[in-house]
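S.K.:
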Amino acid sequence: MLSISYRPAYDQGGPVEILPFLYLGSAYHASECECLANLHITALLNVSRRTSEACMSHLHYKWIPVEDSHTADISSHFQEAIDFIDCVREKGGKVLVHCEAGISRSPTICMAYLMKTRQFRLKDAFDYIKQRRSVVSPNFGFMGQLLQYESEILPSTPTPEAPSCQGEAASSSFIAHLQTLSPDMQASYCTFPTSVLAPGTTHSTVSELSRGPMATATSC
Numbered sequence: 001m002l003s004i005s006y007r008p009a010y011d012q013g014g015p016v017e018i019l020p021f022l023y024l025g026s027a028y029h030a031s032e033c034e035c036l037a038n039l040h041i042t043a044l045l046n047v048s049r050r051t052s053e054a055c056m057s058h059l060h061y062k063w064i065p066v067e068d069s070h071t072a073d074i075s076s077h078f079q080e081a082i083d084f085i086d087c088v089r090e091k092g093g094k095v096l097v098h099c100e101a102g103i104s105r106s107p108t109i110c111m112a113y114l115m116k117t118r119q120f121r122l123k124d125a126f127d128y129i130k131q132r133r134s135v136v137s138p139n140f141g142f143m144g145q146l147l148q149y150e151s152e153i154l155p156s157t158p159t160p161e162a163p164s165c166q167g168e169a170a171s172s173s174f175i176a177h178l179q180t181l182s183p184d185m186q187a188s189y190c191t192f193p194t195s196v197l198a199p200g201t202t203h204s205t206v207s208e209l210s211r212g213p214m215a216t217a218t219s220c
């Protein structure tokens, strides 16, 4: 018989710190007002289909409803989410980005944020967040949109031939995730134009994350 206090793996622990001002978690984490206060979180960015009034009275709140479906268009919300996160940062606050489980939608937003403001390649953004929250697993459609986003915002470095799906071209955890989604997704990554997949020299290192320049946000 299960304990009434049982919680699934994605609700265990607390929100994880992605950057000093950016946290990632689930809807359950967003409802734990005391935990949010202890972490000095001042804002919530909810990208699930359901809104919640828990903890909203004393926090800056933004709701961007997105379905966790491979057909959902999450990329059209990337800039809106990035602007909100940067607004919170500029005001000296901290924001928790969450969806229902903190597995697909909210990690996708956090990856897009690292890609846009820190010039991380998708594989690097995925690994960086996966190391901090092991349950993250963006769906097939979201990964495709992130690949497209990478090609639009990051400079390319021409290389003579397409990168392999081994070694430095992509981490084992990143390729393993693509394999769980679809063989076609892995193939599309392995054959993606080299102008998109080339590692380049502009992405931030982990040690630079807390001190590098940020993109300027619009007013919120």
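Just so you know, we're using full-length UniProt numbering here: the sequence shown kicks off at 1 and counts up by one. We put the beta carbon where it would ideally sit given N, CA and C, even for glycine.
Using the Cα positions of Glu134 and Ser57, report the straight-line distance between them to the nearest angstrom.
M.R.: The count along the sequence shown starts at 1 and reaches residue 134 at position 134. The count along the sequence shown starts at 1 and reaches residue 57 at position 57. The sequence shown places Ser at residue 134, not Glu. If I take the Cα positions, the gap works out to 31 Å.
S.K.: How about Ser66 and Ile103: do their beta carbons lie closer than 8 Å?
M.R.: Sequence index remark: in the sequence shown, residue 66 carries index 66 (1-based). Sequence index remark: in the sequence shown, residue 103 carries index 103 (1-based). Going by the sequence as given, residue 66 is Val instead of Ser. Not in contact: Val66 and Ile103 (Cβ atoms no closer than 8 Å).
S.K.: Is Arg105 closer than 8 Å to Asp73 when the C-beta atoms are compared?
M.R.: As a first step, residue 73 is located in the sequence shown; it is residue number 73 there, counting from the start. As a first step, residue 105 is located in the sequence shown; it is residue number 105 there, counting from the start. Going by C-beta atoms, Asp73 is not nearer than 8 Å to Arg105.
S.K.: Between the region 89 to 104 and the region 10 to 26, do three or more beta carbon pairs fall short of 8 Å?
M.R.: Judged by Cβ distances under 8 Å, the region 89 to 104 makes contact with the region 10 to 26, as three or more pairs qualify.
S.K.: Using a threshold of 8 Å, state whether the C-beta atoms of Phe126 and Phe78 are closer than that.
M.R.: The residue labelled residue 126 in the question sits at position 126 within the sequence shown. The residue labelled residue 78 in the question sits at position 78 within the sequence shown. It is not a contact, given that the beta carbons lie outside the stated cut-off.
S.K.: According to DSSP, is Asp70 helix, strand or coil?
M.R.: Mapped onto the sequence shown, residue 70 falls at position 70. The question names Asp, but residue 70 is His in the sequence shown. Correct three-state label for His70: coil.
S.K.: For the structure I just gave you, are there three or more beta carbon pairs, one from the region 37 to 56 and one from the region 105 to 118, closer than 8 Å?
M.R.: They touch, by the three-pair rule.
S.K.: Can you tell me where the alpha helix (DSSP H) with His29 in it begins and where it stops?
M.R.: Numbered from 1 along the sequence shown, position 29 holds the residue referred to as residue 29. First-last of the alpha helix (DSSP H) with His29: 27 to 31.
S.K.: Fully enclosed by the region 56 to 117, which beta strand (DSSP E) runs are 3 residues long or longer?
M.R.: Within the region 56 to 117, the complete beta strand (DSSP E) runs of at least 3 residues are 60 to 63, 95 to 98.
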